[in-house]
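Add 186 to the 1-based position in the sequence shown for this note's numbering, that's all there is to it. The block underneath contains the structure these notes are about, expressed in C-alpha cells.
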Amino acid sequence: MKNIQKLIPPAVIAASICAVFACLMVYENDFLWKAQELNLFLDTPMFFQQQMEVAGGMLVWIGCYLTQFFYFPWMGAALLCVGWGILVVLTKMAFRIPWRWGVVLLIPVALLLITDVDMGYWIYYLKLRGHFFVATVGMLVAVAMVWLFRLLPSRWLLRPMFIVLTVVVGYPLMGFYGLLAAFLMGLLAWRLTDHSVSQRVVCTVVAAVFILAVPLLCYRYVYCQTNLVNIYWAALPLYRLVEGFPAYYIPFYLLVAFYVVLAFCYRPHQPAADSKRPWMSLVVQLGLLALLAWGVWHFWYKDYNFHKELAMQRCLESSDWDGIITEASDLQEEPTRSILMMKNLALSRLGRIGDEMYHFRSGSKTSNTVLPVRMTQVVGKAIYYHYGQPNFCYRWCLEDAVEGGCRVEYLKYLTRCSIVNGEYQVARKYINLMKHTKFYRSWAEEQERFLDHPQEIRNDKDYGFVLHMMGHGDVLNSDNNLVESFLMRQLVMIDSDDPILQEQTLIAALWMKDIQMFWPKFFQYVNLHPGQHVPTHYQEAAYLYGHLENGVDISHMPFDEVVKRTYDNFMARAQQNAGMSEEILGDLMRPEFGHTFYFEYFLNRDQQMY
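Structure follows, in C-alpha cells:
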C-alpha cells in the first residue's frame, strides 16, 4: 500500500504534464505553428557566430533549434513537455523535495507555461529568438548546476570555484540564467550542514562579486551590442515597445522567488511523513493543483479573433483558400479587418467574391491587446504580396528583419517577391539560406525550379495570380501602417484591361462605397466579360446607385429579379422602421438582408479600415 502511495505524486505530475500537452494541441496548434514561422535556425557556422555575439547566445541558439520543431506542433509541444518533466526531476534532486510534496514541483512548470501561452500578439513583436524554449532550457541548466554544487565536497574551495566557473562560463552562454544559478548557490550555501560559517560567507561573497562584475566586464570588453541597462537580464524577453509592459515579467519574478524559497527552505535530511495525518498533505496538494490549474487557465491568452487569424494564416501559407472560407464562415465574434482581408483574398482566388463577399460576418474589431497592433505585423506582408504589391511586402519584411531578426516567414516572402519581380539572383540568395533550415529545404528546392525555368512562373497557380495583380506601377511610398485603406485606394485608381486585376479595382470601389469610381469600373467589367452573368453584388451596387443618383440610366440593364426584389423589400422594411437607430435597425434586418450590398452600404458605414 505504501509503495502505491509513493507512486501517486509522480503519476499526478506526469498526468498534469500530459494534460498540458493535450491543451496545447487542442487550443494552440496554430499558435505553435506560427511560432516556428516567426523563428529561424540555420545550420551554418555564421548563424551560430551571430547568436554568440550577445550574452546568452548559446541559450538562444538552442531555443531557435528547438522552436523549429513546431513545424509539427505536436513534436515541438512534446519536446517542451519533456523539458518540463526533466525540470521537475532536477528540482526535486537539487533541493531534496520529498515526493509527498511533489505537486509543488509543478509550480515552475505552470509559470514557464504561462510565459509561452500568455504571449498573444507579442509573438509578432518579441525580439528574443527561441523564446518558447529559452526559459525552459535556461532553468534546466541553472537547476542542474545548483544540484552539482550541492554534490561537491566542501573542502579545497571546490564550491566557491564552482560558483566562479558558473558565472564566468554560464553568463556568456546562458545570460541571466547563469547568474541565477550562482545566486541560488550563494543562498544554498547557508543551508548546507557541511559548511562552516567562513565557508558560507566565502560562497556568498564570491557569488555576489562575480554576479555584479562579470556582466560589466563582458559589456566593457566583449558584448558591445548589448545595452547597458539589459546586461543583467540577457536572454530574458524584453516586453518593451514605445513603453514597457511590466505585467508580463510577473511569471519570471515568481519563478525566481520560487527557487529562492526552495534554497532558503532546503533541508539536508527530510523529516519522516506524519503517518497520523497523511490526509493533510493530500488536501494541501490537491488545493495547490487546483490553484495552479486555475492560474494557468486564467492567464492563458484566449482571444477568439487572434486564434482565428492564426488559423487563417496557416491556410493562407498553404494556399488552402477553401480552408480560409471555412474559418470565416463560422465567426462567433465581430471579426478584425485582418480576418476580412484574408477572407476576401480567398474568395478572389476562388472566383466567388462577386457573389459571396457579403455572405460573411463583417466588422472592424480592434485586436484584444494592450499592444499597438497593426495589420502590417499580423498579415500585411502576405496581403501586399498577393495583391500585387511585392515591393511593399519586401520592404516590411526587411524592416521587421532589421528590427527583430530574420525569420522563416520573411525569407519565404522575400523569395517570392524576388521571383515575381524577376530578380532571380536575389531570390537564389534567399533560397540558399532556406536550404539550411531543417523543414524548408524542400520548399526552397521547389522555388528554385522557377529560377531555372522562369517561363513556368506565369502558369503557376500561385505566382500567376500575383503577376496578374502586378499589371500596374508598384511605386514604393508611405502606407502609414494602414494596409487595407492604402491598398484599396491604390486599387481603385488603377485602370486595367486585365480581367483579374480589373475585378479587384471594381471590388475596391465597392469596398470604399465610392459611387463615382464604381460606374467606370462596373462598365469596364461588363465589357471584359461579354455574355457572362454579372455577379450578384455588382448588380446590387449598380441597382442601388442607379436609384440613389440619376447620373446613369439603369432602366435597360438586365438585372436579376432577385436583385430587384431584394432591393424593394430592403427599402420597404427600412421605411417601416424609419425611427430606429442604425444599430437597432441593423440587428433587425441582418438575418434577412445581411448578405446584400444594400445592408453593407446603409448599415455597415462605421467600420474603420486599418
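In this text, a Cβ means the ideal position worked out from N, Cα and C, and glycines have one as well.
Partner residues in the beta bridge of R426, as assigned by DSSP, are G430. Of the candidates V246, A587, A328 and C250, A328 places its Cα closest to the Cα of T277. About 18 Å separates the beta carbon of M325 from that of I349, a gap too long to meet the 8 Å contact definition. Residues H723, G780, H781, T782, F783, F785 and E786 of the same chain have their beta carbon placed closer than 8 Å to that of Y544, with the five preceding and five following residues left out of the count. The segment 620 to 632 makes contact with the segment 249 to 262; the number of CB pairs closer than 8 Å reaches 3 or more.
Out of E503, T555 and T552, the CA that lies nearest to the CA of A532 is found in E503.
By the C-beta density criterion, Q237 is buried, having at least 16 other C-beta atoms within 10 angstroms.
Comparing C-alpha distances from K494 to each of M527, G481 and L475 shows the shortest one belongs to M527. CA-to-CA, the gap between E769 and F756 works out to about 16 Å. Straight through space, the alpha carbons of S202 and M232 are spaced by roughly 40 Å. Secondary structure of D304 (DSSP, three-state): coil. By the C-beta density criterion, C451 is exposed, having fewer than 16 other C-beta atoms within 10 angstroms. In its chain, beyond the 5 residues on either side, T601, A630, Q633 and E634 have a beta carbon closer than 7 Å to the beta carbon of I617. Taking G364 as reference, the option from V391, T412, F319 and A421 with the minimal CA-CA separation is A421. Our two residues, E589 and L597, have alpha carbons roughly 15 Å apart in a direct line. Between M261 and the set F207, L557 and C501, the nearest pair of CA atoms involves F207. Here Y435 carries a helix assignment [DSSP, helix/strand/coil]. In the pairwise beta carbon analysis, the segment 563 to 583 is classified as touching the segment 659 to 678: at least three pairs are separated by under 8 Å.
Counting of Cβ neighbours within 10 angstroms places C592 among the buried residues, the total reaching 16 or more. The DSSP-derived three-state label of N618 is helix. Taken atom to atom, the span from the alpha-carbon of E689 to that of K707 is near 8 Å. Following the DSSP letters along the chain, one finds Q688 inside the alpha helix (DSSP H) bounded by residues P685 to W697. The DSSP assignment places 747 to 762 as complete runs of the alpha helix (DSSP H) inside the segment 724 to 771, in order along the chain (cut-off: 4 residues). Between I283 and L291, the C-beta spacing is below 8 Å.
Contact check for F546 against A514 passes: the beta carbons are separated by less than 8 Å.
Taking each of R336, A727, L378 and L441 in turn and checking the Cα distance to G540, the smallest one comes out for A727.
Between the segment 430 to 437 and the segment 329 to 338 there are fewer than three C-beta pairs closer than 8 Å, too few to call the two in contact.
Cβ-Cβ separation between Y731 and I701: approximately 5 Å, consistent with a contact (criterion under 8 Å). A distance below 8 Å between beta-carbons, with the five flanking residues on each side excluded, links Y649 to the following residues of its chain, in chain order: R602, I605, V606, F636 and I643. With contacts defined as CB atoms closer than 8 Å, A296 and R377 fail to qualify as a contacting pair. Annotation: the continuous alpha helix (DSSP H) that includes P231 extends over P231 to Q237.
Remark: C-beta atoms of A263 and L218 approach each other more closely than 8 Å. Taking 8 Å as the cut-off, the beta carbon of V246 is found no closer than this to the beta carbon of V303. Taken atom to atom, the span from the alpha-carbon of T752 to that of A760 is near 12 Å. Excluding the 5 residues flanking it on each side, V482 has same chain C-beta neighbours closer than 7 Å at A296, L299 and I300, in chain order.
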